[in-house]
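Undergrad: All you need for the working numbering is the position in the sequence shown, starting with 1, plus 143. All C-beta atoms in this analysis are idealised placements derived from N, C-alpha and C, irrespective of residue type, glycine included. Below you will find the structure I want to go over with you.
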Amino acid sequence: MMEKIKTVLLVFLVALSLLQSYWLAYSMPGIGVTVSQKQDYVKADLKSDEEKLENLIFPEDMVLHFGSNQHTLLYPETNFYDLIFDRVRGREFKDFQRDARYAVDWDEVRAQSIGVELRFGTGVPVELLSKVLKLSEGDSIFQNDSISNIWIFKSPAREEVSTYFFSTDGTTVYESVRADLTVRDVQNYVGFGQYWTPYQYVAPNLYLAKEPLQAVEAVVGFSTYTPEQMQHNLFSDPSATRAINDENDVQTYTDHKRGLQVEQGGRWIRYTDPAPAQDSVAERVSENVYASIQFINEHGGWDGRHRFIEPGMAGGEQMIRYQQYYGAFPVLSKKPFLYGEMLLRMQQGVVTEYERSIATMADTEDRKEVRWLPGGSLLSQTLAGYSRRGEVEAIFPAVEVELVEGRTEADADKLRVTPIWAVRLRDGSQEKLLSAVAGSRKPAAGEPGGADKDNPGALPGGLSLGGTAGSLGAVGVQLSTGASLPDMRR
144 MMEKIKTVLL VFLVALSLLQ SYWLAYSMPG IGVTVSQKQD YVKADLKSDE EKLENLIFPE
204 DMVLHFGSNQ HTLLYPETNF YDLIFDRVRG REFKDFQRDA RYAVDWDEVR AQSIGVELRF
264 GTGVPVELLS KVLKLSEGDS IFQNDSISNI WIFKSPAREE VSTYFFSTDG TTVYESVRAD
324 LTVRDVQNYV GFGQYWTPYQ YVAPNLYLAK EPLQAVEAVV GFSTYTPEQM QHNLFSDPSA
384 TRAINDENDV QTYTDHKRGL QVEQGGRWIR YTDPAPAQDS VAERVSENVY ASIQFINEHG
444 GWDGRHRFIE PGMAGGEQMI RYQQYYGAFP VLSKKPFLYG EMLLRMQQGV VTEYERSIAT
504 MADTEDRKEV RWLPGGSLLS QTLAGYSRRG EVEAIFPAVE VELVEGRTEA DADKLRVTPI
564 WAVRLRDGSQ EKLLSAVAGS RKPAAGEPGG ADKDNPGALP GGLSLGGTAG SLGAVGVQLS
624 TGASLPDMRR
């Protein structure tokens, strides 16, 4: 009898246990709500343009050397620049031999030899440059170096081509003793620039236009991502964030770890995701660059063309910068407005800070007009009188972008794009040097901004650059004042 009672009791306890398990799995209050929240959350799709490394690394300009102290410069998105760069990318560079920079008289090469010089500004690590150019394996020193210039030239005395890669350390060069280039290649490169704007060499890395340079001023509409879109895109669980508005019209979202600041009326963001301090391990630039590109692809995308700027260090972390282009020229924002670049702080392949504009230019301009960047004496005198002349490492054409606020709802906010001459300083900052000449008429020789009367700037072979010849449109098209303007959003 006792055994039967124990059996019945055991069956009852097993059944009760199964019933409780069922209640726990399917009937606990709140379980359904939590699951529903996670299933309902869908990461915001910004429908942004993605990019890859190969399109972000390119020379900031090219110098064509004609011999006889004659030179011209080509800029990105111009026909001949693209043609030369495509051909160089198709060649192979092998067997790199390291040497001291002073082993070659570069002043003599610049003055007497024909050739093309690809200039990468602050430099590109060889590990990344090898993804764009066909570089054979060099020694470990070369592989871990950064390159600022590539100079391909033919000397007057020899029927052979020399190719040198310049280190950013300022003292080392690497010669590719087996480069897949011929004398005919170099002659063709140089021939592309015969009718282009003549430039004068004035100091290391500095060339000044002898004639006005043609560009375009425009007014362009734009759209922006909403703060809510960026919040949903950057936070893994937006429902856990809270918004804070401060007195400076800065809206902040935080989940107590990450933070998102939205400034300038919703046009600029600063995102922070603090990472714990890492052990002292050498940062791999390539790892951080690839990680930064992937992060941008997923969080905001790319508005037009951008160029990679070699990272610097800040607080033990790498700072990576991508500068936006408008047609042929890089974008500088007119302070206090912020626009035209993306900044990322990296730590071992992790993004800890991310700054960028979330304004996206329209595909077509509302208005555009021809403008002329000054050349000749006006340009050289302005540079000579610049307060930070001793810090100037480069001078280049750029566009300055500012916000034009609409007065009515129908007159929506626009961006004004104005061509300028800009300088890059030793600390990496960029500043405006000189504005374009007012009006659309090209300054004549002897006029302010025009060519000097006593220096007409003829290129080799007696090719006089008169009329609109030698002028540089924003996409490399020669234009007269009344001609149709190029599409700057190409």
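Grouping DSSP H, G and I as helix and E and B as strand, with all else coil, what is residue 501?
TA: coil
Undergrad: Evaluate contact between the segment 247-260 and the segment 191-211, counting only Cβ atoms and requiring at least three cross-stretch pairs below 8 Å.
TA: Contact between the segment 247-260 and the segment 191-211 is present, because at least three Cβ pairs lie under 8 Å.
Undergrad: Tell me, to the nearest whole angstrom, how far the beta carbon of residue 277 is from that of residue 327; I am working on the premise that it is less than 8 Å.
TA: Residue 277 to residue 327, Cβ: 19 Å. No contact.
Undergrad: For residue 287, report the span of its alpha helix (DSSP H) as first-last.
TA: Element bounds for residue 287: n/a, residue is neither H nor E.
Undergrad: Classify residue 197: buried if its beta carbon has 16 or more other beta carbons within 10 angstroms, exposed otherwise.
TA: exposed
Undergrad: Where does residue 495 fall in DSSP's three states?
TA: strand
Undergrad: Go through the segment 233-310 residue by residue and report every complete run of the alpha helix (DSSP H) that reaches 4 residues or more, in order.
TA: Complete alpha helix (DSSP H) runs here, min 4: 249-255, 269-272, 283-286.
Undergrad: Under a Cβ-count criterion, where at least 16 other Cβ atoms within 10 Å of its own Cβ denotes burial, should residue 306 be classed as buried or exposed?
TA: buried
Undergrad: If you draw a straight line from the alpha carbon of residue 521 to that of residue 396, how long is it in whole angstroms?
TA: 49 Å
Undergrad: Is the beta carbon of residue 415 sitting closer than 8 Å to the one on residue 507?
TA: no
Undergrad: Taking 8 Å as the CB-CB limit, is residue 240 close to chain C?
TA: Here chain C cannot be found, since the structure has a single protein chain.
Undergrad: List the endpoints of the continuous beta strand (DSSP E) containing residue 434.
TA: Per DSSP, residue 434 belongs to no beta strand (DSSP E); it is in the alpha helix (DSSP H), 428-441.
Undergrad: Check the DSSP bridge columns for residue 562 and list the partner residues they point to.
TA: In DSSP, residue 562 forms a bridge with 542.
Undergrad: Along the chain, where does the beta strand (DSSP E) that runs through residue 326 open and close?
TA: Segment 326-334 is the alpha helix (DSSP H) holding residue 326; no beta strand (DSSP E) there.
Undergrad: CA-CA distance, residue 410 and residue 220?
TA: 27 Å
Undergrad: For a test of the three-state rule: what should DSSP assign to residue 167, helix, strand or coil?
TA: In this predicted model, residue 167 has a pLDDT of only 37, less than 50, meaning its place in the structure is not dependable; the value taken from the coordinates is given anyway. Here residue 167 sits in helix by DSSP.
Undergrad: Quick check: is any heavy atom of the ligand ZN less than 7 Å from the C-beta of residue 256?
TA: In the structure on display, the ligand ZN does not appear, and there are no ligands present to speak of.
Undergrad: Can residue 362 and residue 509 be called in contact, C-beta distance under 8 Å?
TA: yes
Undergrad: Taking just the CA atoms, how far does residue 476 sit from residue 576?
TA: 13 Å
Undergrad: Quick one, which of 338, 405, 578 has its alpha-carbon nearest residue 502's?
TA: 405
Undergrad: In the structure shown, what three-state DSSP assignment does residue 204 receive?
TA: Here residue 204 sits in strand by DSSP.
Undergrad: Using only the alpha-carbon positions, how far apart do residue 541 and residue 218 sit?
TA: 10 Å
Undergrad: Nearest-angstrom Cα distance between residue 284 and residue 383?
TA: 48 Å
Undergrad: Ordered along the chain, which non-local residues of its own chain (more than five positions away) have a Cβ less than 8 Å from that of residue 547?
TA: 362, 556, 557, 558, 559
Undergrad: Check the DSSP bridge columns for residue 448 and list the partner residues they point to.
TA: According to DSSP, which records beta bridges pairwise, residue 448 is partnered with nothing at all.
Undergrad: For residue 439, which option in 468, 356, 373 has the closest C-alpha, if you only look at C-alpha atoms?
TA: Looking from the CA of residue 439, the closest CA among 468, 356, 373 belongs to 373.
Undergrad: Let me check understanding here. Comparing Cα to Cα, which of 597, 592, 596 lies closest to residue 355?
TA: 592
Undergrad: Quick one: residues in its chain with C-beta nearer than 8 Å to the C-beta of residue 369, no 5 flanking neighbours on either side, listed in chain order?
TA: 409
Undergrad: Rounded to the nearest angstrom, what separates residue 297 and residue 318 at their Cα positions?
TA: 14 Å
Undergrad: Rounded to a whole number of angstroms, what is the C-alpha to C-alpha distance between residue 339 and residue 268?
TA: 31 Å
Undergrad: Going by DSSP in three states, residue 223 sits in which element: helix, strand or coil?
TA: Three-state result, residue 223: helix.
Undergrad: From what residue to what residue does the beta strand (DSSP E) around residue 352 run?
TA: 349-352
Undergrad: Tell me which residues share the same chain as residue 239 and place their Cβ nearer than 6 Å to its Cβ, disregarding the 5 neighbours each side in the sequence.
TA: 281, 285, 317, 319
Undergrad: When you compare each of 519, 312, 193 to residue 241 by their alpha carbons, which one comes out closest?
TA: Minimum Cα-Cα distance from residue 241 among the listed residues 519, 312, 193 corresponds to 312.
Undergrad: Buried or exposed: residue 289, going by 16 or more other Cβ atoms within 10 Å of its Cβ?
TA: buried
Undergrad: Between which residues of its own chain and residue 523 is the CB-CB distance below 6 Å, once the five residues before and five after are set aside?
TA: Cβ neighbours of residue 523 beyond the five flanking positions: 351.
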